[in-house]
Amino acid sequence: MFKTLLLVVFFTLSLVAYNIQLDKPSHVATQKKEQSQHLLIRDAFKELVIDKTTGLMWQDNTDTKIIKKNQKDAKQYCRSLVFAGYDDWYLPRVKELKSILNPKKSAPTIKKEFKNVVPRHYWTSSPNLSDTVNAINVDFESANSYQSNRRGRAYVRCCRGHSNSLI
730 MFKTLLLVVF
740 FTLSLVAYNI
750 QLDKPSHVAT
760 QKKEQSQHLL
770 IRDAFKELVI
780 DKTTGLMWQD
790 NTDTKIIKKN
800 QKDAKQYCRS
810 LVFAGYDDWY
820 LPRVKELKSI
830 LNPKKSAPTI
840 KKEFKNVVPR
850 HYWTSSPNLS
860 DTVNAINVDF
870 ESANSYQSNR
880 RGRAYVRCCR
890 GHSNSLI
């Protein structure tokens, strides 16, 4: 009796797994992810932007166009930031920061939901593994990433959440 029950459970689980694979093949999911647009929602009261596609929440107050720091201080600023009722902010990685830009060959722009922007360089937390003196930042005017001296000053925009799709 126990063997029969075990076989029925195994057979049922096999069918369920097979149906899941038939319903959502991995290549279709990848295509849909690549084609999807970012669904951004601005909370004007809290001065932040929520990206429903990536799961990230972005700081968008006047500090993002005023505060300039070196990279080490930028990381510390985000780690200690208490903003909009949250205290788990961090300095974004390159792909995360670039996800809020509309890269166009002629004139890249930041997405319209962001109101506090300077068309200059913003720090990322992405390491430059081949160089301990320089770090990576993103230019909001060209949408390109650059290596700059870690001691130099650039703007800071913090985010929170986890964006595994962008890593």
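Take 730 as the starting number for the sequence shown in the numbering used here and just add one per residue.
The beta-carbon is built from N, C-alpha and C at its ideal position, and this holds for glycine as well.
- Of the residues Phe774, Ile829, Lys798 and Lys797, the one whose Cα lies closest to the Cα of Cys888 is Ile829.
- Classified as exposed, His891 has fewer than 16 neighbouring CB atoms from the shown chains inside 10 Å of its CB.
- Secondary structure at Lys797: strand, using DSSP grouped into helix, strand and coil.
- Shown here, Ala803 sits in a helix according to DSSP, grouped into three states.
- When the Cα atoms are used, Lys801 and Leu768 turn out to be separated by approximately 31 Å.
- Lys804 has its alpha-carbon roughly 25 Å from the corresponding atom of Ile770.
- In this structure, the CA atom of Leu820 is about 15 Å from the CA atom of Leu777.
- Residues Ile829, Leu830, Asn831, Val846 and Phe869 of the same chain have their beta carbon placed closer than 8 Å to that of Ile839, with the five preceding and five following residues left out of the count.
- With fewer than 16 neighbouring CB atoms inside 10 Å of its own CB, Val862 falls in the exposed class.
- When secondary structure is reduced to three states using DSSP, Arg808 falls in the helix class.
- Annotated three-state conformation of Leu768 is coil, per DSSP.
- The residues Val867, Ala872 and Ser874, in chain order, have a CB closer than 8 Å to that of Lys827 in the same chain once the five nearest residues on each side in sequence are set aside.
- C-alpha of Ala883 to C-alpha of Thr853: approximately 10 Å in a straight line.
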